[in-house]
Every structure is written in C-alpha cells, then in structure tokens.
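Some notes on the structure that comes next.
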Amino acid sequence: MDAYSGYNQILMHEDDKAKTSFIIERGTYCYRVMPFGLKNAGATYRRLVNKIFTEQIGKTMEAYVDDMLVKALKRADHIGNLAEPFSLLRQYRMKLNPSKCIFGVSSGRFLGYLVTQRALKKGQRDKWDEECEVAFQNLKTYLTSPPLLSKPVPGEDLFVYLAVSNSAISSALIREELGAKHLVFYPSKALLDAETCYPKLDKLILAIVVSARKLRPYYQAHRVIVMTDFPLRSILHSPDASQQLMKWAIGLSQYDHLYYRAKQKLQ
1 MDAYSGYNQI LMHEDDKAKT SFIIERGTYC YRVMPFGLKN AGATYRRLVN
51 KIFTEQIGKT MEAYVDDMLV KALKRADHIG NLAEPFSLLR QYRMKLNPSK
101 CIFGVSSGRF LGYLVTQRAL KKGQRDKWDE ECEVAFQNLK TYLTSPPLLS
151 KPVPGEDLFV YLAVSNSAIS SALIREELGA KHLVFYPSKA LLDAETCYPK
201 LDKLILAIVV SARKLRPYYQ AHRVIVMTDF PLRSILHSPD ASQQLMKWAI
251 GLSQYDHLYY RAKQKLQ
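Letter by letter, the sequence shown follows residues 1 to 267 of this note's numbering.
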C-alpha cells in the first residue's frame with residue numbers, strides 16, 4: 001500500500017505555518033499541510049506511520065516511510081489483517097493511492113525486492129534491448145558533441161538573439177559566413193526572486209545588459225545587431241522609462257555600435 005501524497009496529509013502546526021511562507025506575484029502564501037522538501041519531513045512522516053501502526057508493524061505489517069506491506073501466513077487471515085490498518089487509516093483520515101496499491105497477491109515488489117511466500121529475492125532488472133542501447137548511445141553522442149563555437153573575423157557584424165522565461169534569460173551571439181549562422185557565445189543568467197516578476201520587455205532588455213557585460217570585448221570591437229520584434233530601443237530612450245530602465249540605457253550607451261533589427265528565423 002502507498003499513501004497518496006503522504007507528506008501533504010500532515011497538518012502544519014499553527015506556529016510553524018509562517019515558516020513555510022513564499023512570495024509570488026499575487027501575494028504571500030504559506031502551507032497549511034506539510035510540504036515536500038522540509039529537512040525533517042521524512043522523519044516526521046515516519047513517526048506518524050510508527051504511531052498509527054504501532055501494534056501491527058513487525059506482526060502483520062511492515063512499513064518503510066510511505067510504503068506499507070500487509071502480510072499473512074494464510075490467505076484466510078489476510079482480510080482480517082487488512083481490516084485493522086484500514087480502520088486505523090480511516091480513524092486518522094489518511095488516504096491511499098489506489099494506483100499504487102495491490103491486494104491479495106502471493107508475491108510482489110517491495111523496496112526493490114521481490115517478496116514471495118518462500119524467499120526474498122532481488123527484483124528483476126528491466127530488460128535492456130537493442131532499442132535501449134541505440135537510444136543510450138545516441139544520447140551519449142549528443143551530450144558529448146556540443147555546438148562548436150566560432151571565432152569572429154575582425155570588423156564583421158555580430159547578431160544577438162534573445163530568449164527569456166519565467167526563471168532565466170539567455171542570448172546567443174551569432175556570426176554569419178557564406179549565408180550560414182555560426183555560434184560565437186551563448187551567455188545566460190538565472191533570475192533572482194525580484195527579477196522573475198519583471199515584464200517580458202524588461203527581461204529582454206536585461207538579457208541584452210547581461211550579454212553586453214559578459215561579452216564586453218565583442219561589443220566594443222564589432223557592430224552588434226540585436227534581433228528582436230520588440231521596440232526595445234524606443235523603450236530604453238522613452239522619457240517615461242523607469243529608473244531601472246534608465247540605468248540599463250546608460251550602461252548600454254557606452255557601446256557605439258549597438259543596433260536593433262527585426263528578428264529573422266534562426267536556423
């Protein structure tokens with residue numbers, strides 16, 4: 001038997017709810033039940049299981065964290081042995097996950113072992129066939145063959161493509177040769193808590209700032225063209241720009257050869 005999100009079935013003490021607080025765009029929230037990830041969550045859940053099934057563990061039950069096994073020497077006794085933990089679960093209002101529960105079997109997997117009437121055996125390994133091997137080799141080849149970086153030619157134009165998400169920003173510095181695009185560098189940055197709340201346009205501008213800081217020599221020695229469909233230049237030079245945008249605009253003004261152009265599809 002397996003509990004359904006067992007940690008979340010334990011109520012938080014009123015004095016400790018504030019310790020689980022977190023901030024999102026809509027406000028500040030805290031957990032009313034024990035969340036996953038707390039340092040002592042596993043030990044707390046284990047104490048609960050031991051408390052509920054004190055009389056059954058070692059006799060008609062075995063338990064490891066949220067995995068529980070009800071056993072019986074005779075099939076006729078199995079129903080009675082199941083009735084006791086079911087009654088206790090109902091008393092403590094704990095719920096099981098039906099998709100992970102199996103009843104009335106003479107053998108089954110438990111903690112990686114195959115439990116049978118006669119012995120305890122190591123669980124059978126998953127079958128590794130030719131299809132698995134091909135997929136594994138393809139994955140290794142992909143991971144060990146990253147895109148090769150290209151060295152820019154002095155005086156040529158470089159192009160910057162931007163990408164932003166809820167948690168990170170990134171950019172790709174590209175050079176063109178004979179109609180083909182070659183990667184020069186791809187800086188990125190994980191957003192801090194406050195930065196995750198930035199509007200998309202602000203994140204795009206921050207991506208340019210981060211790129212210019214990390215790749216300063218390229219921005220100083222080449223004409224850098226930012227490929228974007230957003231009016232970033234107008235926003236940076238707007239008289240109504242926020243203090244943060246004005247600060248970024250001043251920082252980018254040191255690069256005399258920074259331009260903006262409508263984005264083309266990157267091959």
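Where a beta carbon is used, it is the ideal one built from N, C-alpha and C, also for glycine.
Please read these numbers as outputs of a predicted model, since none were measured by experiment.
Alpha carbons only, please: which of the options is nearest the one belonging to residue i?
| i | options | result |
| --- | --- | --- |
| Y186 | G179, D2, L148 | L148 |
| Y92 | H78, S107, F53, N81 | F53 |
| D16 | L38, R26, G6, E25 | L38 |
| G282 | K74, E130, W128, R90 | Because the chain is modelled from 1 through 267, residue 282 falls outside the range shown and cannot be assessed. |
| S99 | I24, T20, S5 | S5 |
| A83 | Q56, G27, E177 | Q56 |
| Y31 | H13, D256, L173, R47 | H13 |
| V49 | T20, M68, I208 | M68 |
| E62 | P85, D77, G80 | P85 |
| Q254 | A194, P217, L232 | P217 |
| P231 | L192, R223, Y260 | Y260 |
| I24 | R47, L206, F136, A194 | A194 |
Bridge partners of residue i, per DSSP?
| i | result |
| --- | --- |
| L96 | A3 |
| V164 | I169 |
| M246 | None, per the DSSP bridge assignment. |
| L258 | V224 |
| E177 | A180 |
| F103 | BP columns for F103 are empty, so no partner. |
| G108 | V115 |
| F159 | I174, I225 |
Would you please state the rounded distance, in angstroms, between the beta carbons of residue i and residue j? I believe it to be under 8 Å.
| i | j | result |
| --- | --- | --- |
| L158 | V184 | 7 Å |
| D10 | Y45 | It is worth fixing the name first, because residue 10 is Ile in this sequence and not Asp. Yes, they are in contact, since the Cβ atoms of I10 and Y45 sit about 7 Å apart, within 8 Å. |
| D229 | A262 | 6 Å |
| S171 | A163 | 7 Å |
| W248 | V209 | 5 Å |
Please state whether the Cβ-Cβ distance between residue i and residue j is less than 9 Å.
| i | j | result |
| --- | --- | --- |
| G251 | A221 | no |
| A41 | M34 | yes |
| I225 | L201 | no |
| C101 | M1 | yes |
| A3 | L88 | no |
| I169 | S188 | yes |
| F258 | Y219 | Per the sequence shown, the amino acid found at residue 258 is Leu instead of Phe. Yes, the Cβ-Cβ distance between L258 and Y219 is below 9 Å. |
| I174 | V153 | no |
| T60 | K51 | no |
Identify every run of the alpha helix (DSSP H) within the region 2-85, keeping only runs that are complete inside it and at least 4 residues long; order them along the chain. 41-52
Which residue spans inside the region 182-243 form an unbroken alpha helix (DSSP H) run of at least 4? 200-214, 216-221, 232-236
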